[in-house]
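Note that numbering that gives the first Met the number 0 has the sequence shown beginning at 0, numbered continuously upward.
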Amino acid sequence: MASRRAREPVLEIFPPDPSATSPPCTPPPREAPADNEAGTLQLASGRSLQWQALDDGTEHVRIHGVGGEIELDVVLTEDGPRLRFKAADLALEANGKVQVDCDEFHVRSKGDIIHEADGNMGERVEGNAVTVVRGNLRVSACTAGVRATRGDVRLKANDDVKLEGERIKLNC
């Protein structure tokens with residue numbers, strides 16, 4: 000004979016609300032911002048976060064520093080987002096590849112620019128290349144070569160042109 004167990008009553012601390020259409024912790028969905036809608040949120044660091052939707056279809060999100068200057072500016076346009084940072088330092092780290100594809104690339108530094116590669120380094124220029132150095136220019140390599148596939152190779156110096164080597168071969 001099967002044993003009969005007394006059914007334990009189910010204890011409901013918060014009985015379900017039959018009129019609720021979504022869980023009570025879920026905020027209601029927010030409508031899209033109206034034109035010229037703006038807002039500001041003060042951050043604990045003293046910075047402020049500001050957002051604004053403009054009539055031209057762009058949306059701006061900005062982080063202002065303690066002094067009011069813009070540290071991060073994000074403009075969302077039909078063509079895509081535009082980012083502008085103003086930071087004390089900026090560091091990018093990647094375990095894999097970092098690739099930049101753009102129409103134009105311009106780098107300006109008030110200090111040094113250093114390129115380091117533990118492997119090879121290559122450059123390919125479809126147009127002309129010009130290097131202007133106000134100070135001295137040195138090139139050092141295990142072996143070095145200069146080759147003009149069409150046209151001349153010209154060396155011009157304000158003073159002497161010096162060639163040093165164990166043997167200097169001309170027309171070889």
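For every residue, glycine included, the Cβ atom is placed at its ideal position computed from N, Cα and C.
- Straight-line spacing of the CA atoms in Leu-40 and Lys-96 works out to 36 Å.
- In its chain, beyond the 5 residues on either side, Thr-39 and Arg-61 have a beta carbon closer than 6 Å to the beta carbon of Gln-49.
- Residue pairing of Phe-84 in beta bridges, as defined by DSSP: Leu-71.
- Bounds of any beta strand (DSSP E) do not take in Arg-149, whose DSSP letter is neither H nor E.
- The beta carbon of Val-132 sits closer than 7 Å to no other beta carbon from its chain once the five residues preceding and following it are set aside.
- DSSP places Ser-47 within a strand segment (E or B) once states are collapsed to three.
- Bridge partners of Leu-40 according to DSSP: Leu-48.
- DSSP, reduced to helix, strand and coil, places His-63 within a strand of the structure shown.
- Under DSSP, Glu-58 shares a beta bridge with Ala-52 and Leu-75.
- Across the set Thr-57, Gly-126, Val-129 and Glu-122, the C-alpha of Thr-57 shows the shortest separation from the C-alpha of Thr-76.
- Excluding sequence positions up to five before and after Pro-80, its CB lies within less than 8 Å of the CB of Val-73 and Val-74, all in the same chain and listed in chain order.
- Excluding residues up to 5 positions away in sequence, nothing lies with its Cβ nearer than 6 Å to the Cβ of Gly-67 in the same chain.
- Pairing Gly-164 with Arg-107, the inter-Cα distance amounts to about 38 Å.
- The criterion of a C-beta distance shorter than 8 Å is not satisfied by Gly-64 and Arg-83.
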